[in-house]
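Chains as they are written, first to last, in the working numbering: chain A, 18 to 417; chain B, 18 to 417.
Beta carbons are placed, not taken as given, at the ideal position from N, Cα and C, and that holds for glycine.
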């Protein structure tokens, strides 16, 4: 949706990846505009707005719903959340006569949307209760560096004081954050999402301690023949010492979970490996990638966190067009393992975060990472890749 | 050098990565224009054109020399090889009055140079004895597809008949390949390189069966306190069932070997893991990446080769600017392991080959690869990455 709102994808409708004909071709009966009202696990039936459907096995993929902060004024006109196609369309048409656009929340969606508004020549203001942006993804120094870049790009931040009230009569006139009144005639709530579990809960399916549907590695819920996948489930994190679950809320996790649930639901056998929440995004011409845990979460998860910040060049110095690339690498002194990485730069961030994610999924020590062979050609990557140099730097720090 | 000849790097001299001052700063005594004439291992001395140098430990990094084919005419003026800065300068000045440029050899250097000549508006002709280009890197189908692209880009190929003679009097007038006379007023010999081992051999250092200096994983030669690194050594390949060595001849391998040799030579401890020859290049706007073995070499090395060719999109279909990406994946039926991958496309090839190389260095089955988490954002990578889809396709083929 942010890409459609920025105008990069021509029409919001283009975001529908699979046309109905594909389902027909695949012999899948698709029932649109059919609301599921109740799951009856004992009768193996679902009740819907268009009648009953029996099942042998059932997959719940109810996704998530935006979190609406409990502050006065969220019900006003021109206060939006971002989830479905319709939200995107409403926001686009609302932009036509908007002047002051405020985003509440500096997570991934909040920032992607702020950049989309900027692309459309607004000077969006972002309000975040934490004192830094992308707090659950990035370490403090990386977060600060990204913020500086976005400020230069024309985005205005109000950090450290959560939004307390949306002001105005019927229409929005401003947002109160701390003691400050921030002018607004349109507000986007980007305060995260929470799993949509109401059907599962009513059916007596067990939830996890984060409020998502509890599943095993085969994506089975606590009830026979009922599977679940996507934003509505809790997934096992690949790094936390004990079996700590995490709400991944990433499209890449959802599709992998869906595939595992689908295979098992029809009698096949597949398991989901623990996830690392590999994340990549582009904000105002900068690629930001992250995988594993940031330092803060690493500490909370009981790791002996040791981290470095490496600033290098995307290319060998003789080659024109080299760009700065910044890598944060986080290791665990006890095991010697790499537990997290964050990369930021104008180019070639995605490939590096993908490569680090791949080896982290196999489990890798910082020492092993520093010794790995990389792919060198002057126009793309230096002889000693920044990954190698960052890993060496972290290795030295860890052995001190 | 190809980048300098194409004009992408402004001056050939710019290719010198480390200035002399850096060596002084690091307390390294650098002796340029000093030819080593002999190594005296018993006396722990080297004799040079500028006198004797004693050593406690010695690292041989004598590199490689271009292979000159044994055909008549290679001694003529305007027949070049490509190795040092001087070669680059000679070729550039020779281009000023050249018209018909012929490259002998369709390996990486030959093709990179042909593309460089094309950038300078020549219509280079490439002669190759094998019936395909990049024969040691790519499978036949990938090779053919790349050739078609280069032909469209204006490069002319003469495949299947090796060059038999370089024609002309003092100056080059043509090259005889099979029965065909190919007009030429300048010829580049790009027939590969061979390890420069003359000093090592004279000193009594053991060579491997491929003619390179034999070293162990600490880069030690057969003689005490003598190490070797780079193009002059044989490296252990990470995939061949037994300890089969390989001549890597890649800059990325050389720097890693140099680092291991250096650490051990001063009393530290480092080992080189077996290499996979991860390769990336750019030819006429296409990125080509490869890692591990191609099907042919896989068969020769005793693997039960099973391969697929996957053609996908670099981005999700709704996103503008998606490009074709072709992946060849090669597995071993016996072990289920991935033993090779080749990728070709306009963009985002490097990151994928790096990621595959990273997990192959840890050892990975095709099934594991298909299940790995990838990094998704619509503008960079689809929800199901082409790597995932290719691995799934190979997995199905292998289980048939």
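Pick out whichever of the options has its Cα sitting closest to the Cα of residue i.
i	options	result
residue 211 (chain A)	A:79, A:88, A:112 and A:236	A:79
residue 361 (chain B)	B:386, B:320 and B:301	B:301
residue 24 (chain A)	A:340, A:115, A:130 and A:65	A:130
residue 406 (chain B)	B:337, B:374, B:331 and B:354	B:331
residue 141 (chain B)	B:174, B:222 and B:378	B:174
residue 18 (chain A)	A:126, A:287 and A:83	A:126
residue 402 (chain A)	B:272, B:338, B:277 and B:369	B:272
residue 393 (chain A)	B:363, B:246 and B:266	B:266
residue 347 (chain A)	A:364, A:320, A:341 and A:369	A:320
residue 139 (chain A)	A:264, A:114 and A:196	A:114
residue 96 (chain B)	B:157, B:70 and B:201	B:201
residue 231 (chain B)	B:251, B:333 and B:282	B:251
residue 286 (chain B)	B:240, B:244 and B:228	B:244
residue 109 (chain B)	B:20, B:228 and B:45	B:20
residue 296 (chain A)	A:74, A:371, A:283 and A:313	A:371
Please go through the same chain and pick out, in chain order, the residues whose beta-carbon is closer than 6 Å to the beta-carbon of residue i, but skip the five residues on each side of it.
i	result
residue 412 (chain B)	383, 384 and 387
residue 366 (chain B)	304, 306 and 360
residue 350 (chain B)	321, 323 and 415
residue 345 (chain B)	156, 159, 326 and 359
residue 64 (chain B)	54 and 55
Since residue i and residue j should fall inside the 8 Å C-beta cutoff, what is the C-beta to C-beta distance between them, to a whole number of angstroms?
i	j	result
residue 105 (chain B)	residue 208 (chain B)	Contact doesn't hold; Cβ gap of about 18 Å is too wide.
residue 193 (chain A)	residue 180 (chain A)	7 Å
residue 206 (chain A)	residue 91 (chain A)	7 Å
residue 269 (chain A)	residue 400 (chain B)	6 Å
residue 111 (chain B)	residue 203 (chain B)	6 Å
residue 184 (chain B)	residue 198 (chain B)	7 Å
residue 216 (chain B)	residue 56 (chain B)	6 Å
residue 279 (chain A)	residue 76 (chain A)	7 Å
residue 375 (chain A)	residue 128 (chain B)	Contact flag wrong, Cβ pair sits at about 29 Å.
residue 318 (chain A)	residue 294 (chain A)	With 8 Å as the limit, residue 318 (chain A) and residue 294 (chain A) do not qualify as a contact, their Cβ atoms being about 13 Å apart.
residue 163 (chain A)	residue 150 (chain A)	6 Å
What does the alpha-carbon distance come out to for the pair residue i and residue j?
i	j	result
residue 38 (chain A)	residue 30 (chain A)	16 Å
residue 16 (chain A)	residue 101 (chain A)	A question about residue 16 (chain A) goes unanswered here, because the residues of chain A that appear run from 18 up to 417.
residue 40 (chain B)	residue 22 (chain A)	53 Å
residue 124 (chain A)	residue 325 (chain A)	23 Å
residue 299 (chain A)	residue 255 (chain A)	25 Å
residue 135 (chain A)	residue 147 (chain A)	22 Å
residue 160 (chain B)	residue 133 (chain B)	19 Å
residue 391 (chain A)	residue 171 (chain B)	31 Å
residue 379 (chain A)	residue 356 (chain A)	12 Å
residue 165 (chain A)	residue 363 (chain A)	14 Å
residue 28 (chain A)	residue 340 (chain B)	20 Å
residue 309 (chain B)	residue 153 (chain B)	11 Å
residue 34 (chain B)	residue 336 (chain A)	10 Å
residue 258 (chain B)	residue 291 (chain B)	Its pLDDT being 47, under 50, residue 258 (chain B) is placed unreliably in this model, and the value from its coordinates should be taken loosely. Taking the straight line from one Cα to the other gives about 12 Å.
residue 338 (chain A)	residue 368 (chain B)	18 Å
residue 137 (chain A)	residue 107 (chain A)	15 Å
residue 169 (chain A)	residue 329 (chain B)	37 Å
residue 88 (chain A)	residue 214 (chain A)	23 Å
Please list, in chain order, all residues of the same chain as residue i whose beta carbon is under 7 Å from its beta carbon, the five residues on each side excluded.
i	result
residue 67 (chain A)	48 and 51
residue 410 (chain A)	325 and 327
residue 288 (chain B)	234, 235 and 277
residue 248 (chain A)	80, 81, 210, 212, 266 and 271
residue 93 (chain B)	183, 185, 187, 188 and 189
residue 116 (chain A)	202
residue 71 (chain B)	61 and 62
Tell me which residues share the same chain as residue i and place their Cβ nearer than 8 Å to its Cβ, disregarding the 5 neighbours each side in the sequence.
i	result
residue 260 (chain A)	With a pLDDT of 47 at residue 260 (chain A), under the threshold of 50, the modelled position of that residue is not reliable, and no figure is offered here.
residue 86 (chain B)	121, 179, 180, 206 and 208
residue 98 (chain B)	83, 85, 104, 205, 206 and 207
residue 220 (chain B)	55, 56, 57, 58, 240 and 243
Please report whether the beta-carbon of residue i lies at a distance below 8 Å from any beta-carbon of chain D.
i	result
residue 150 (chain B)	The structure shown contains no chain D; its protein chains are A and B.
Item to check | Selection of the segment 220-254 of chain A by Cβ proximity to chain B, strictly under 7 Å | outcome: Flagged: no residues at all.
Item to check | Interface residues of the segment 273-306 of chain A facing chain B [CB-CB below 9 Å] | outcome: 273, 276, 277, 287, 288, 289, 290, 292, 293, 294, 295, 296, 297, 298, 299, 304 and 306
Checklist entry - Of the residues that make up the segment 386-398 of chain A, which ones have a beta carbon closer than 7 Å to any beta carbon in chain B? => result 388, 389, 390, 391, 392, 393, 394, 395, 396, 397 and 398
Checklist entry - When Cβ atoms are compared, which residues of the segment 323-357 of chain A fall closer than 8 Å to chain B? => result 333, 334, 335, 336 and 337
Item to check | Interface positions of the segment 22-48 of chain B facing chain A (Cβ-Cβ less than 8 Å), listed along the chain | outcome: 25, 26, 27, 31, 32, 33 and 34
Item to check | Residues, ordered as in the chain, of the segment 119-144 of chain B that lie near chain A by beta-carbon distance below 7 Å | outcome: none
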